[in-house]
Amino acid sequence: MLTDVVTHYCPGCTHGVIHRLVAEVMDELDLGEKTIGVASVGCSVFAYNYFDCDFVEAAHGRAPAMATGIKRVHPDKFVFTYQGDGDLASIGTAEIIHAATRGENISVIFVNNGVYGMTGGQMAPTTLPGMKTTSSPTGRDTHTMGFPLRMSELLATTSGASYVVRRSVHDPGHINQAKKAIKTAFQVQMHGLGFALVEILSSCPVNWGMTPHESMDYIKQKMIPYFPLGDYKIADAVKQIK
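Each position in the sequence shown, counted from 1, maps to that position plus 26 in the working numbering.
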């Protein structure tokens, strides 16, 4: 389900790994001909170049709203969004919360690298306390800039959400766990069980000012303690999926 092209992602960025996982799951579930993806604005803006399926581009933050419309008009299609933290957790906060609250039967891949990667490395809603960015050069000060937003924990409180989990792709074991979560999220939609979201902790070596190897350690040592991996909501019906 991936096209034979070179990606625009920076060295060490794990968007490519996540793309591969999504594509593998689409293949395994035979979703190619019936899939419509919705790309966000951000580093993943060109996702439609990399997946061999129908794709549309949403305005910044509006991917869940567009996915809602597509799924309601074409309930027989499989619809997923692919969004970064600057898109989903900032300008798109209202869209994702209300899509989850309504229990829209869509699947969301949420890539959290704690920074606005595409536009210069500014502080994002998910930037960790003390983390330096181009708009917080001395580090995020929670007294003046507030605390990072934990989206999985927030969305898990909505009645319409059926499956909300957080995973990471910083090593092979966690990559395998992320793939299993993506597959479950897609099966949730296939069974008509409502809103599903997989948050994936990802790297941004260039904007973090790190080597790719250092960025993997940063995810493990800094991001995971603040954004704990785990299952935040799994509806009883989802537990019956085989």
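Even for Gly, the Cβ is constructed at its ideal location relative to N, Cα and C.
*Could you work out which residue in Met149, Phe72, Ser70 and Ile201 is closest to Phe173 when comparing CA atoms only?*
Closest by alpha carbon: Met149.
*Ile208 vs Val224 beta-carbon contact at 7 Å*: The answer is yes: Cβ separation under 7 Å.
*How should Ala85 be labelled, buried or exposed, when 16 other C-beta atoms within 10 angstroms of its C-beta is the threshold for buried?*
Answer is exposed; the Cβ neighbour count stays below 16.
*So what does DSSP say about Leu223, is it helix, strand or coil?*
Leu223 sits in a strand when the DSSP states are folded into three classes.
*asked:* Could you give the first and the last residue of the continuous beta strand (DSSP E) run that contains Ser212?
replied: Note on identity: in this sequence residue 212 is Phe, with Ser being the wrong assignment. Not the beta strand (DSSP E): Phe212 falls in the alpha helix (DSSP H), residues Pro198 to Met216.
*asked:* By the DSSP assignment, the beta strand (DSSP E) with Asn75 in it spans what residues?
replied: DSSP places Asn75 in no beta strand (DSSP E); its state is neither H nor E.
*asked:* On the CB-based measure, 16 or more other CB atoms within 10 Å of its CB, does Arg98 come out buried or exposed?
replied: With fewer than 16 other Cβ atoms within 10 Å, it is exposed.
*Could you say if the segment 113–130 and the segment 239–255 meet the contact criterion of at least three C-beta pairs nearer than 8 Å?*
At 8 Å Cβ cutoff, the stretches do not touch.
_Measuring straight from C-alpha to C-alpha, what distance separates Gln213 and Thr164?_
In a straight line, the C-alpha of Gln213 is about 44 Å away from that of Thr164.
_Supposed contact pair Val134 and Gln109 - C-beta distance, whole angstroms, cut 8 Å_ = Rounded, the Cβ-Cβ distance is 7 Å, consistent with contact.
*Exposed or buried, what is Glu59 when buried is set at 16 or more other beta-carbons lying within 10 Å of its beta-carbon?*
Glu59 comes out exposed.
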